[in-house]
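The numbering of the sequence shown is this note's numbering, which starts it at 210 and goes up by one. Just below is one structure, and these are the notes that go with it.
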Amino acid sequence: MKKLLTVMMVAIMSFTLLTGCGNGKKETVTTDGSTSMEKVIGALGEAFQNDTGIGFTYNPTGSGSGIKAVQEGRCDVGLSSRTLKDEEVASGLTGTVLAYDGIAIIVNLENPVTDLNLETIAKIYTGEITNWSEVGGNDQEIVLIGREAGSGTRDGFESITGTEDACQYRQELTSTGDVITTVSQNPGAIGYASVASVKDSVKAVSVNGVVPAEDTIKDGSYVVQRPFVLVTRTDAELSESAQAFYDFITSEKAYGIISEAGVVPAN
């Protein structure tokens with residue numbers, strides 16, 4: 210009896226080790242980075258979990274932090290809402306465009322302004338235009354809201370508008386949600402946020418007469434747009450589960466999910 214019990218215990222322990230380790234297979238995929246990608250990556254992660262049973266986690270730390278997490282081996286896939294810089298590629302990282310997202314220019318619902326051209330947006334953010342009355346709005350000070358240094362959304366916005374290191378921000382916030390909330394609570398505020406994240410609490414103005422929408426992002430007529438990028442290490446293979454996740458979200462199967470999240474699939 211004692212011998213039989215010992216044999217059974219060994220068998221149970223062996224089974225536990227085999228299933229727990231999965232022969233080296235990692236059973237949770239970890240992602241880290243862009244807060245703007247929360248909606249699309251959350252939808253893709255949920256679909257992946259339902260399809261495979263493999264766990265998925267997302268840490269919304271911002272593009273710069275996500276890129277660093279990949280470099281330091283703290284996550285499987287980094288998420289960046291900007292193209293990788295030359296020095297990041299040289300350091301051993303690879304960027305793959307998952308989708309394209311418009312950056313909406315948002316104002317308070319009480320603001321009568323409905324359209325701004327790119328040049329005017331640049332003048333507003335660099336402090337050349339300081340009152341809404343100068344662009345057809347109320348006689349009210351313009352309050353500039355933006356993202357923190359290292360944000361992919363900020364990098365994309367400043368690159369497109371040509372305002373790098375020149376924006377006169379009143380507040381620099383650490384997430385897309387914070388920008389939207391702040392603009393919704395201040396009648397004089399203007400901000401920028403991922404089109405996919407914009408809520409009814411704020412108003413997205415058209416730019417050069419073009420509204421931010423999937424079709425205008427796809428055909429390039431809405432000019433304030435940037436890529437959503439998957440970041441991996443060039444010299445290291447993904448775990449089996451992480452590779453399965455990567456393959457899933459870049460496959461045709463994921464196109465519908467990406468579109469429903471309000472962004473345009475890259476392929």
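Idealized CB from N, CA, C, for every residue including glycine.
Query                                                                                                           : Result
Whole-angstrom distance between Ala453 and Tyr401, CA atom to CA atom                                           : 34 Å
Exposed unless 16 or more other CB atoms sit within 10 angstroms - verdict on Asn259                            : exposed
Contact under 8 Å by Cβ, Ile426 with Tyr309                                                                     : yes
Span separating the alpha-carbon of Thr194 from that of Val440                                                  : Because residue 194 is not part of the residues shown, which for the chain are 210 to 476, the question remains open.
Whole alpha helix (DSSP H) elements within the stretch 368-403, 4-residue minimum                               : 385-393
Proximal residues to Glu446 (C-beta, below 8 Å), its chain only, five neighbours per side dropped               : Gln452
Whole-angstrom C-beta distance between Ala252 and Ala470, which should lie under 8 Å                            : 5 Å
DSSP three-state assignment for Gln349, whether helix, strand or coil                                           : coil
Identified DSSP bridge partners for Phe437                                                                      : Ala308
Ala278 (DSSP reduced to helix, strand or coil)                                                                  : helix
Host alpha helix (DSSP H) of Lys462 (start-end)                                                                 : Element bounds for Lys462: n/a, residue is neither H nor E.
Per-residue burial, Pro321 [other beta carbons within 10 Å of its own, 16 or more giving buried]                : exposed
Residue interval of the beta strand (DSSP E) (run including Val249)                                             : Taken as a continuous stretch (DSSP letters only), Val249 belongs to no beta strand (DSSP E), being part of the alpha helix (DSSP H) at 247-261.
Near the ligand ZN: Gln394 beta-carbon under 7 Å from a heavy atom                                              : The ligand ZN is not part of this structure, which contains no ligands at all.
Met375 burial status per 10 Å Cβ neighbour count (16 or more: buried)                                           : Per the sequence shown, the amino acid found at residue 375 is Ala instead of Met. With fewer than 16 other Cβ atoms within 10 Å, it is exposed.
The stretch 376-387 contacting the stretch 236-252, beta-carbon criterion three pairs below 8 Å                 : yes
Local Cβ density within 10 Å of Gln394, reported as buried at 16 or more and exposed below that                 : exposed
Lys412 and Val316 closer than 8 Å at C-beta                                                                     : yes
Supposed contact pair Ala256 and Ile467 - C-beta distance, whole angstroms, cut 8 Å                             : Contact flag wrong, Cβ pair sits at about 10 Å.
Three-state secondary structure assigned by DSSP to Leu302                                                      : strand
Own chain partners of Ile338 with C-beta closer than 8 Å, once the 5 adjacent residues on each side are dropped : Thr329, Lys332, Val344, Ile351
Helix, strand or coil at Val472 according to DSSP, with G and I counted as helix                                : coil
For Thr329: DSSP bridge partner residues                                                                        : Answer is none; Thr329 lacks a bridge partner.
Residue(s) in a DSSP beta bridge with Arg204                                                                    : This structure does not reach residue 204, given that the chain is present from 210 up to 476, and the question cannot be answered.
Nearest-angstrom Cα separation, counted from Gly365 out to Asp295                                               : 16 Å
Limits of the alpha helix (DSSP H) - the one that Thr323 falls within                                           : First-last for Thr323: undefined, no H or E at that position.
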